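Worksheet: the structure to be examined is printed underneath.
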Amino acid sequence: MSKSLLRTDKEIAEIYKRHSKTVYRVCFAYMKNPADTEDAVQDTFFQLIKSGPAFESEEHEKAWLIRTATNICKNVLRHWWRRHENIEDFYNLPSSENIETDDIFQVVMELPEKYKTVVYLYYYEGYTSVEIAGILKKPQSTIRNYLHEARAILKERLGDDFDEEQ
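Going left to right, the sequence shown walks through residues 31 to 196 as this note's numbering numbers them.
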């Protein structure tokens, strides 16, 4: 093993060849889909190139790559913005429902700020009242109260179009 912090392209290619399958399996266990897995694998090897640690053995090298891959995956999954919606759900909606949904969204965006944020996070982003309370740093009872008051306003503004079961 080379103790130098700078590696040649050949050394990096050899490390990649030796450990890429293992790193891929570790990342896939966290990410659960090929696209995100490939991104995590790429980030792992980029971190190897960028930090250039010296390894005592191939086992130390492998352990470092696994630990780095695990940390990268956990960081990606930890981000609050990484919430996915199933794109198939959008394709199954008839166009008249899309218009209605857009109209409801417009009314939601016209709510006072304290209600708008809570309603958006709850209905459109899928957060629970507990999570919203943490994000906005407000008591959970306040968040539930905002949701209740916002539903009343929406029911008044939308009339029969509003269904509290949403």
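Note that CB positions come from ideal geometry on N, CA and C, so glycine has one too. The structure displayed is predicted, hence computed values, not measured ones.
Beta carbon of Val-137, beta carbon of Leu-177: below 8 Å? Not closer than 8 Å, so no.
By a C-beta neighbour count over all protein chains shown, 10 Å radius and 16 as the cutoff for buried, is Glu-160 buried or exposed? Here the sequence assigns Val to residue 160, which means Glu is not the residue at that position. Classification of Val-160: exposed, given that the 10 Å Cβ count is below 16.
Cα separation between Ile-197 and Tyr-153? Residue numbering for the chain in the displayed model covers 31 to 196; residue 197 lies beyond these limits and cannot be assessed.
Nearest to Arg-37 by CA position, among Gln-77, Met-61 and Leu-107, is which residue? Among Gln-77, Met-61 and Leu-107, the Cα nearest to that of Arg-37 is on Gln-77.
Return the residue from the list Val-53, Phe-85 and Ala-93 that minimises the CA-CA distance to Thr-74. The candidate whose alpha carbon is nearest that of Thr-74 is Val-53.
Determine the burial state of Leu-107: buried for a count of at least 16 other Cβ atoms within 10 Å of its Cβ, exposed for fewer. So Leu-107 counts as exposed.
Quick check on Ala-65: buried or exposed, where buried means 16 or more other Cβ atoms within 10 Å of its Cβ? Around the beta carbon of Ala-65, a 10 Å sphere encloses fewer than 16 other beta carbons of the protein chains shown; the residue is thus reported as exposed.
Residue range of the unbroken alpha helix (DSSP H) whose run includes Ser-171: From DSSP, the alpha helix (DSSP H) with Ser-171 extends over 170 to 188.
Could you spell out the range, first to last residue, of the alpha helix (DSSP H) harbouring Thr-98? Thr-98 -> alpha helix (DSSP H) spans 88 to 108.
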